[in-house]
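Written out below as structure tokens is the structure these notes cover.
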Amino acid sequence: MVVPEVLDRWRAGIPQLDAGNNAWMLVSAALVLLMTPGLAFFYGGMVRRKSVINMLMMSFSAMGTVGVVYVLWGYSMSFAGNVLGGLVGNPVTAFGLAKLGLTAADPNGLANSADAGSGVSGLAFAAFQLTFAIITVALISGAVADRMKFTTWLVFSVVWVSVVYFPLAHMVWGGGLMSGASDSLSALIFGRGPGGSATIAPMDFAGGTVVHIDAGVAGVVLAFLLGRRKGHGRDPMRPHNVPFVMLGAGLLWFGWFGFNAGSAGGAGGLAALAWINTSTATSAAMLGWLAVERVLHGKATGIGAASGAVAGLVAITPGAGFVSPIGSVAIGALAGGICAWAIGLKSRLGLDDALDVGGVHLVGGIVGTVALGFFSTSTGLFYGGNADQLMAQAIIAGAAILFSGGLTLAIGLILRSTLGLRMSEDEEYDGDTAIHGESAYDFEGGTGIGSPGVLRGATHHQQASRHGAPARASEPAPESEPEPAPEPEEAPA
Amino acid sequence: MVVPEVLDRWRAGIPQLDAGNNAWMLVSAALVLLMTPGLAFFYGGMVRRKSVINMLMMSFSAMGTVGVVYVLWGYSMSFAGNVLGGLVGNPVTAFGLAKLGLTAADPNGLANSADAGSGVSGLAFAAFQLTFAIITVALISGAVADRMKFTTWLVFSVVWVSVVYFPLAHMVWGGGLMSGASDSLSALIFGRGPGGSATIAPMDFAGGTVVHIDAGVAGVVLAFLLGRRKGHGRDPMRPHNVPFVMLGAGLLWFGWFGFNAGSAGGAGGLAALAWINTSTATSAAMLGWLAVERVLHGKATGIGAASGAVAGLVAITPGAGFVSPIGSVAIGALAGGICAWAIGLKSRLGLDDALDVGGVHLVGGIVGTVALGFFSTSTGLFYGGNADQLMAQAIIAGAAILFSGGLTLAIGLILRSTLGLRMSEDEEYDGDTAIHGESAYDFEGGTGIGSPGVLRGATHHQQASRHGAPARASEPAPESEPEPAPEPEEAPA
Amino acid sequence: MVVPEVLDRWRAGIPQLDAGNNAWMLVSAALVLLMTPGLAFFYGGMVRRKSVINMLMMSFSAMGTVGVVYVLWGYSMSFAGNVLGGLVGNPVTAFGLAKLGLTAADPNGLANSADAGSGVSGLAFAAFQLTFAIITVALISGAVADRMKFTTWLVFSVVWVSVVYFPLAHMVWGGGLMSGASDSLSALIFGRGPGGSATIAPMDFAGGTVVHIDAGVAGVVLAFLLGRRKGHGRDPMRPHNVPFVMLGAGLLWFGWFGFNAGSAGGAGGLAALAWINTSTATSAAMLGWLAVERVLHGKATGIGAASGAVAGLVAITPGAGFVSPIGSVAIGALAGGICAWAIGLKSRLGLDDALDVGGVHLVGGIVGTVALGFFSTSTGLFYGGNADQLMAQAIIAGAAILFSGGLTLAIGLILRSTLGLRMSEDEEYDGDTAIHGESAYDFEGGTGIGSPGVLRGATHHQQASRHGAPARASEPAPESEPEPAPEPEEAPA
Amino acid sequence: MNLITAVIKPFKLEDVRTALLAHGVTGMTVCEASGYGRQRGHTEVYRGAEYTVELLPKIRIDLLVADEDTGDVIDAIVRAAWTGKIGDGKVWAVPVATAVRVRTGERDAAAI
Amino acid sequence: MNLITAVIKPFKLEDVRTALLAHGVTGMTVCEASGYGRQRGHTEVYRGAEYTVELLPKIRIDLLVADEDTGDVIDAIVRAAWTGKIGDGKVWAVPVATAVRVRTGERDAAAI
Amino acid sequence: MNLITAVIKPFKLEDVRTALLAHGVTGMTVCEASGYGRQRGHTEVYRGAEYTVELLPKIRIDLLVADEDTGDVIDAIVRAAWTGKIGDGKVWAVPVATAVRVRTGERDAAAI
Ligand SMILES: Nc1ncnc2c1ncn2[C@@H]1O[C@H](COP(=O)(O)OP(=O)(O)O)[C@@H](O)[C@H]1O
Ligand SMILES: Nc1ncnc2c1ncn2[C@@H]1O[C@H](COP(=O)(O)OP(=O)(O)O)[C@@H](O)[C@H]1O
Ligand SMILES: Nc1ncnc2c1ncn2[C@@H]1O[C@H](COP(=O)(O)OP(=O)(O)O)[C@@H](O)[C@H]1O
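Protein chains in written order, with numbering that gives the first Met the number 0: chain H, 0 to 492; chain Z, 0 to 492; chain D, 0 to 492; chain R, 0 to 111; chain U, 0 to 111; chain G, 0 to 111.
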């Protein structure tokens, strides 16, 4: 029974679990976790056949490294205490999610929950945040496709998330410099209201700055440091699997409901608003992208539909809970159109941002963040507000760009001169077989043939020697007649 | 804290949020949204390699167009007011989801929520309904595969959803003609009970008529208007990617829990019953289809398993909350078997319903709708009822067929003589490359080779000219030795 | 309105629905259901192109057979009553989910719900459990890949789930021999506490024994009975589609949140803890596997990342709610490393456990089960406990191995001498085309060509004859010029 | 004996095979190929970059025939593969020194 | 010098290669191909429609050999590729005018 | 007339084509192939088993040329395909008895 306990605990002034809100946060966390495999396919389909595994592995390995780092010091650096003048939390305070544990007295872990007010367990809040850290790192990988050294990527993921992401999350969501708190930039610029907090607070509902601008800038900086892919501008580097790109986009759209509507912190009306706006902006952005593509190139493409959807998801992220459905249509359409145009910029800059992390996440993140100056139903210019919100949004976007850009540059330079950023030429030419010892597909092998993989002529030394059998036994393998002599494959009698 | 507010608001007679139910509706909406990409793969795997992108794009573009249209006038036409004698809602009343917005007094948007009684935000209800409109349109695309003009499809999706789907949704779920309301067909035929509503109300738990019969008929009509694919009856038009078909079926099954159990409007026992029945009917239908296939053709196929599952999902849709688990097994098995047989009909009719929208959604929808006359645990013949429910079900199915068939025919004829329904012959022969300027796969390119895509011999004019480099530079691209001279790809020092 | 009812029912001592918890169980059930298609892709990508459909079909068909069987007698055998001295429930008592139905007095079906205490509908509990039974059977299929007779697999799935799985579920979760109940093995060995139950109860949070050890042993036994694949140890049997393997791993990870966090039985802090631990252990196991691989073979592979993730998911299953996040990192890392090493054992044993069901599920399940003796925060050796828990864990693992091993051997021997376990040689050589009459991919067909599928030269007798047209009409199919004469494909005027 | 090689448009394979059957030719070996020539390819678009795909899909047929049939068979192929539009392809013949049927060890004419 | 072309059953490639190695032949070029012939294909089913797939997967090997080795190599291939069942394939030889090894520019016999 | 066949490294196709264009050769037929030879393949790893992949991807070009151009065209191909490393491939020429352009029925020299 729920009610009696709840009433008693309520009377005793103890935070109480709200199973509905907590369930929503757990679901949202799972949805956001799924976004990273989704992203892996969105990116993986866009590269050439020879490097799809490497592309997938950059996302999957981020799930490995960041997933561990987050519970160790990541949560603590984001949400526990304050060091370096509010720049970052204290990595030790809640190391290993200390203090969020369940106890007999607090069986749902609400005591130190950042979302205790809506009855969400501190562990559920941490779970949700963990998934954000993972995908932010994974997003970067699109810019460095096909050429970043894999071990360096692993190290980069750990360093970058610790030095750039956790502090930024702290500054924006942990009550730091880029929030509306009393010692924030906004309070400095716009003054403090009666409660002490800034009169105009920057708005970022679900991570336009922390996630998208952040990752977008990092991607651009790394692409710059890495240089262009071999053959860039000469070889066609067409997507090898458009359906995978669209599968990825579908999973991202699905998962993004957790990302945005989960950022409401519970399952109330605000979550519903964020849900609707997320979907609507995405739809509109897809149409916007396709329209621009049609005008510029004569065709509306599948990659365009997928990219447009992602651009819309990015752009609505900062405002999902702050705009009206019609506002979200406008933001989506704008973002789709602008990003479809912006992906052309990199060529002019001579930058090989391979899968357009800059054109989609950085530009889309900026569009969405700044658009709130116009479309925020509480403070936007189109809703009777003045230009303050617009300014606040521009400032937060600019600050995120500088912060992420500068630190990523530093990290990148250090890694370049220590581990090396770029893979060997062999690895770059050969792709997956050289980097991961694997090729993604073996469609030739075994097309309904007795002895499959014939066109690979492979021997497997290891297994063969384990069996003590000669590596290349030439026993006959007739197509469809019963064996005269008993074969080694036969089952024990 | 939740409880105090809730108690106060309850005492004040104000609708209160139920976070559990609201969370369930948000989750369900996300699940249903995922069904459309799922469907895209279910369909996309079944077409030939040359047109998989076009197939995917018909579903994705419906997510674009219908997603926008729904928040503009779709919700309003479905659920706001009454015009044309109860045929449809008023598109203006709740344009842009007006009246569902959050306010300080009603922070969860319950005031105008159709599900206020179960504490579900009006926006969550709208979100859920939005996803139904999208998938209904997307379902149609299977019938027109490989030959419908893409721009006409975009226009069709907007017109059809507005003229056919929203009115039907209004009539069945918005208290209109095909509901059990006092001015409905049923009330006319079966008389009114004490409360004024029909003594026998037609049953459609989650959209057997509104979604499946509706889309099924529309698909058949369009296939008829479009004519057969080039090469139909001569060329083998085999599925190019059976695993994609099964992936799609898996995602549909998963998403359908939102579709059916979400149609309970909350997360209570009814939702659990719908969940179980959805799963069970699907399992049974898969077995039913495989059995029929085995008998007729000697083999149980993967396409058959996927198709059977979808047939079961369709057939249990109208009755998910009205039958017992054992009833659902029976309905599923019946639907699987009947649909496996029904897909043969189109050949006899000379109709090229390419991916069997008629055989699966129309037939499955009818089976499921009519089966309630027997299996409804409250009124079915097998549970002591009389034939009234059966009649009511037959009437609702027939009415939906006539309504959707007639209007789709009209829309199709108009589009045929204006924009044209059918793509050009070039587009039909070449598929994706002609329609979308893309080919789905590039497995040849980059098989571990320095210069990938060799068998395409492509030059990219645009990028090349942007670099100011000659289109076909013949710089050497050695396989694995360090470059003697610095290459343009090198990173900045 | 929710509250008034709830208060009234609470005062009347009637179990009440908790919509939040119930929603979470419905979501969790859907997530676990998705794991089986996920597993199908995890496995399907690992086999050769020629048998991917057969691999997918083993999982999908388990969704068919077990999905039906569960509602018929499965739930009843697992959770209703006791027969054979507590070895199993009574298959008749709750046949067809009798007694879980909704009534006017109990509209949410709580009366006979095993989770009534947390306000979860009995049907939701059954739905959740149903999905466990399905995936357990599907897991086994990896061991028998490429050679088990398909009809025998269908029969096996029904028999095995009934004879092995339901009893084991009853013994562990239904208060039977392997639980901590007063007549359990543990009570016998460790004595009974004041309440009558065992002083040391074996721990299995979400199915380390019932699901993973159980399926792992069954797979090994079947692989032994079946014998090795034709060409084993000679032909390279490389994965034909590594991205599918990683897609499957992604879906498994996502779905496993339902599996483990859903096993909390509600959406409270325990579910949140299980969520976090599930994610963290998986991340750590991926890293562990990749590290071992890197050391042993010089490369970190995509298959390794996917396999490591699954090993982590398996290993954290028994302890998800019993260990701390740091404990979960340790368990994950251990499991990843040990399983990466354990998959080599089968070659030494000459066993063709094709996709390493033993190396991953059996070994991972044992690691996770036994690790609780060390890492359980309540009773583990590392947290001040004594060795009792460790012993209890070893006993439960051993008992599960013996129980599943013995019965699977018996079933397998009977099936071998009746239906036959192994497919015909033709089927084994040709794979899908012989077994299911299908080939998975047709990438040659229709590469932007008018008449696709040319390299198959297929005629379809059936369709052709239905049209009454000659099977191989040689009408010209010009590439892109308008037809002079009206074609049969033309639309009706 | 000659080896006739025909490079044709893919959708003509069925017609060519039918024509060959009419000449009593039942065996042949077929490959996918791509061709450069006068016929132009198509353009693809990818995120703002346009690619010209110049290689066109073709089918290559290899066929052993007796000397006396060579002329007829070539004519039959040419007739069946003809559409009159650029890109119809080429057929050529090369003299063969010896041929063997693996199954029987039969040589030359008997091996066809 | 001759160009030997062998069309064989795919699962025989390894055996043929082993046999060739025994003859000192280490280089060859291999393609996937499909064959029509006396051997029959299989049937596939798709939603109630049955298709007969008549083309069968084959492997095509092309191999330059010196005149004096031609007979032996053909025999070796035939022996290794043999199963005795329909569809074992064909082997034929065509005289080559000239051959070059790209890397060294060596000609004819030296190029093999 | 001769049929020149070139087996080259895949990434050299563009260079070879450019070189051929410079010689006025515009038509050719191209296939994917795999080669065994002196060049070594790579190793793949799959769950603890290591595989040596010995076949290497190659491109096969078939090209009809007039007798008088044969020498030049071979040289042009060899020059363009050259990297100097093992595995650069082979080029060979076979005399052709007759050739036809399907579209026009033109024969021999005119068919090229
Ligand atoms: N010189 C050649 N040698 C070999 N194949 C050729 C040659 N020229 C053309 N082809 C093949 O013939 C096909 C058709 O040639 P193309 O010049 O496009 O048309 P047409 O033969 O009708 O003039 C090409 O795609 C190519 O495969
Ligand atoms: N006349 C031919 N020219 C070229 N290839 C042929 C010819 N006849 C058969 N083949 C090839 O040889 C293969 C085997 O031929 P088939 O007639 O099936 O068996 P067999 O040679 O054992 O009688 C065919 O699949 C085809 O690839
Ligand atoms: N005797 C041969 N006949 C046909 N093709 C050959 C022969 N020898 C080599 N090749 C082809 O040439 C390619 C390169 O040969 P390889 O021996 O590796 O290098 P190189 O020619 O530089 O010595 C091989 O991959 C194969 O495709």
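Virtual Cβ for every residue (Gly too), placed ideally from N, Cα, C.
Close-in-space but distant-in-sequence residues of the same chain around residue i (CB under 7 Å, 5 per side omitted)
i	result
R47 (chain H)	M236, H239
G456 (chain Z)	Bear in mind that the predicted position of G456 (chain Z) carries a pLDDT of just 36, short of 50, making it too unreliable to give a figure here.
Start and end residues, alpha helix (DSSP H) containing residue i
i	result
V99 (chain R)	Note, V99 (chain R): premise wrong, no alpha helix (DSSP H); beta strand (DSSP E) at 97-100.
N20 (chain D)	18-43
P516 (chain Z)	Residue 516 (chain Z) is absent from the model: chain Z starts at 0 and stops at 492.
G88 (chain G)	From DSSP, G88 (chain G) is part of no alpha helix (DSSP H) but of the beta strand (DSSP E) over 88-94.
Contacts of residue i in chain G (Cβ-Cβ under 9 Å)
i	result
L54 (chain R)	V29
Contact list for residue i against chain D, beta-carbon separation under 7 Å
i	result
N240 (chain Z)	Y440
H169 (chain Z)	Within chain D, no residue comes near H169 (chain Z); the closest Cβ sits about 27 Å away, beyond 7 Å.
Same chain, Cβ closer than 6 Å to residue i, five either side skipped, listed in chain order
i	result
F40 (chain H)	F243, L246, G247
G80 (chain Z)	G88, N89, T92
A299 (chain H)	L289, E292, R293
Alpha-carbon spacing of residue i relative to residue j, whole angstroms
i	j	result
L99 (chain Z)	L122 (chain Z)	6 Å
A110 (chain G)	T82 (chain R)	16 Å
T25 (chain G)	V154 (chain Z)	44 Å
Y35 (chain R)	L63 (chain G)	12 Å
A334 (chain H)	T368 (chain H)	11 Å
R100 (chain R)	T28 (chain R)	14 Å
L33 (chain H)	V26 (chain D)	15 Å
Start-to-end residues for the beta strand (DSSP E) that takes in residue i
i	result
K345 (chain H)	Premise fails: K345 (chain H) lies in the alpha helix (DSSP H), 344-348, not in any beta strand (DSSP E).
H129 (chain U)	The first residue shown for chain U is 0 and the last is 111, placing residue 129 (chain U) beyond what the model contains.
P56 (chain U)	55-64
E424 (chain Z)	It is not in any beta strand (DSSP E) - E424 (chain Z) instead sits in the alpha helix (DSSP H) that spans 424-429.
Beta-carbon neighbours of residue i, restricted to chain G and to distances below 7 Å
i	result
A32 (chain R)	T28, V29, C30
Own chain partners of residue i with C-beta closer than 8 Å, once the 5 adjacent residues on each side are dropped
i	result
L54 (chain U)	S33, G34, Y35, G40
Partners in chain U for residue i, counting only beta-carbon separations shorter than 9 Å
i	result
E424 (chain D)	Per Cβ cutoff of 9 Å: no residues; E424 (chain D) is ~13 Å from chain U at best.
R59 (chain G)	T28, C30, D61
Within chain G, partners of residue i - CB distance below 8 Å
i	result
I337 (chain D)	By Cβ distance, chain G contributes nothing, its closest Cβ being about 13 Å from I337 (chain D), past 8 Å.
Contacts that residue i makes with chain R (C-beta to C-beta distance below 9 Å)
i	result
T300 (chain H)	E43, V44, Y45, R46
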